[in-house]
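Residue numbers (the numbering used here): 50 to 570. The beta carbon of each residue, even a glycine, is placed where N, CA and C say it ideally should be. Please read these numbers as outputs of a predicted model, since none were measured by experiment. This report concerns only the one structure given below.
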């Protein structure tokens, strides 16, 4: 089983070779991104927007949903849910999204192998229509179970749509959900079902646009061995006939992939070669989800209300804007500052912000001005996340493993990520009830642990080959380098070659989800 999403990853660093606009002339463009290519890429990343929307949409109507649970239980049983039962139903409605995500992400490999990238995305959109319909009709049907099942189904859709995320699409989706969640728009007692059902529209839009896009040239050539069809797709995407170099590059990539034995999940944990990297991969994914970021996005309106903010929904939207801005900032930093450095900076910033959040929540009743510190702390928390724990774990995990073990490693990483997401979504409301203002101290302690672990155990992967990284693990273990020779070294940088081994093939944007790799275009 593997988590690869419905497409291969889009190698953003290769955009330096393309002509965007004169304002980006410092990229030294060599090739041109055609309007048709941008159209196809934009169509493919709609799934990332869906993930962000369904992560953030549950936040704004929390009070309305709790009232809905209260009224339905009163109608059914003659008495309303207790506060504890109401909180449990609310927690399940939030967290069940991640259970669906786990199931969807593990099923996507078989789906894309059988139907291809484009058809698989079309099939996945059926789940979006079903999930959105269930949530939208839950109020009319007087059934909170329909809402929970709808969240489960929409989670499965998000898990199938991508195993790795295009972060900018995700944060834009969160921001859209926060804006539409305003009471003056769709966050009212009457319109919250429409707010939840709105996820249907991007699925319909993508289903209309996908037939206008070609299948992935990589999939056509490497998986199906249909060179002529791959050439035709490349010509459409490139906008010119000369695609011989691209076809040859994909053929070489296919050869490299065939030369390296696939590694199973069990072998990852049994082999001393992979044990250290897979433990690092798991801890990095936990550092993303157990940082507390989803607690903020699932429950930020309630956090701001507790802090005494008079218009908490607007502060929540502000957090979404900060999230989007710093995602763009991270685009320019990740290839310059190094993965490990950015992750450490992000973890440290989040830990400090969690402490400030705790102080403001604990003392706001004695000093109302501390509500402003709560806003600043949440903004700092979100900004630090996008600098480090948001993007960096996917970068490092992808760069720790060569082609053979990477699918299994990404599967384990994705499962760890979804599981931690579920635990936070389910457990945070109860933790908040028990711990009150001090709940973010738990996340602060976890962030400090992740900082120490990253500082001591996580290597810098930027600009290093797989062999160099593997040799570092072997040296750390006190033995001789037993790293397997990668296909890259055999084909290009082997002992008989005059050329050095190439840089990691995974120097890319690992949360990106596209039908078409830049190698294809």
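Span of the alpha helix (DSSP H), counted from its first residue to its last, around residue i
| i | result |
| --- | --- |
| residue 165 | 132 to 190 |
| residue 295 | 293 to 308 |
| residue 119 | 111 to 126 |
| residue 451 | Counting along the chain, residue 451 falls outside any alpha helix (DSSP H), and DSSP gives it neither H nor E. |
| residue 468 | 455 to 484 |
| residue 336 | 321 to 338 |
| residue 201 | 193 to 210 |
| residue 391 | 388 to 412 |
Reduced DSSP category for residue i - H, G, I as helix; E, B as strand; rest coil
| i | result |
| --- | --- |
| residue 274 | coil |
| residue 215 | coil |
| residue 361 | helix |
| residue 92 | helix |
| residue 418 | coil |
| residue 234 | coil |
| residue 384 | helix |
| residue 84 | helix |
| residue 313 | coil |
| residue 107 | coil |
| residue 290 | coil |
| residue 442 | helix |
| residue 437 | coil |
| residue 341 | coil |
| residue 75 | Unreliable placement is indicated for residue 75, whose pLDDT of 34 sits below 50; the coordinate value is still reported in the next sentence. In the structure shown, residue 75 sits in a helix (DSSP, three-state: H, G or I). |
| residue 533 | The predicted model places residue 533 with a pLDDT of 43, which falls under 50 and marks its position as unreliable, so this point remains unresolved. |
Spatial neighbours of residue i in its chain, beta-carbon cut-off 6 Å, leaving aside the 5 residues before and after
| i | result |
| --- | --- |
| residue 494 | none |
| residue 222 | 98, 101 and 102 |
| residue 224 | 369 and 373 |
| residue 134 | none |
| residue 218 | 94, 97 and 98 |
| residue 584 | Absent from the model: residue 584. The displayed extent of the chain is 50 to 570, so no value can be given. |
| residue 342 | 434 |
| residue 363 | none |
Beta-carbon contacts of residue i that lie in its chain and below 7 Å, excluding the five residues immediately before and after
| i | result |
| --- | --- |
| residue 442 | 333, 334, 336 and 337 |
| residue 317 | 323, 327, 454, 457, 458 and 461 |
| residue 465 | 331, 334 and 335 |
| residue 243 | 185 and 235 |
| residue 402 | 426, 429, 430 and 433 |
| residue 136 | 478, 479 and 482 |
| residue 579 | Outside the displayed range of the chain (50 to 570) lies residue 579, so it cannot be described from this structure. |
| residue 280 | 292 and 296 |
| residue 191 | 121 and 124 |
| residue 487 | 407 and 411 |
| residue 578 | With the chain covering 50 to 570 only, the question about residue 578 has no answer from this structure. |
Nearest-angstrom beta carbon gap, residue j and residue i [assumed within contact, 8 Å]
| i | j | result |
| --- | --- | --- |
| residue 502 | residue 325 | Actually they do not touch by this definition, with Cβ atoms about 12 Å apart. |
| residue 312 | residue 454 | 4 Å |
| residue 345 | residue 431 | 7 Å |
| residue 409 | residue 419 | 4 Å |
| residue 93 | residue 174 | Going by Cβ atoms, the distance from residue 93 to residue 174 rounds to 12 Å, so no, they are not a contact pair. |
| residue 209 | residue 153 | 4 Å |
| residue 474 | residue 146 | 7 Å |
| residue 114 | residue 144 | In fact, because the Cβ distance is near 14 Å, the residues do not count as touching under 8 Å. |
| residue 340 | residue 440 | Contact flag wrong, Cβ pair sits at about 13 Å. |
| residue 286 | residue 83 | 7 Å |
| residue 268 | residue 166 | 6 Å |
| residue 177 | residue 249 | 6 Å |
Cut-off 8 Å between Cβ atoms - residues of its own chain near residue i, not counting five sequence neighbours on either side
| i | result |
| --- | --- |
| residue 510 | 388, 389, 444, 445, 448, 449, 518 and 553 |
| residue 382 | 391 and 436 |
| residue 366 | 224, 227, 228 and 231 |
| residue 303 | 270 and 271 |
| residue 119 | 129, 130 and 135 |
| residue 111 | 139, 348, 350 and 351 |
C-beta neighbour in chain D for residue i, strict 8 Å
| i | result |
| --- | --- |
| residue 362 | Chain labels in this structure do not include chain D; a single protein chain is all it has. |
Item checked: 4 or more residues per run - each alpha helix (DSSP H) lying fully within the segment 487 to 528 -> Listed in chain order, they are 488 to 506 and 515 to 525.
Item checked: Ranges of the beta strand (DSSP E) found wholly within the segment 236 to 283, counting only runs of at least 3 -> Segments of the beta strand (DSSP E) lying fully in the segment 236 to 283: there are none.
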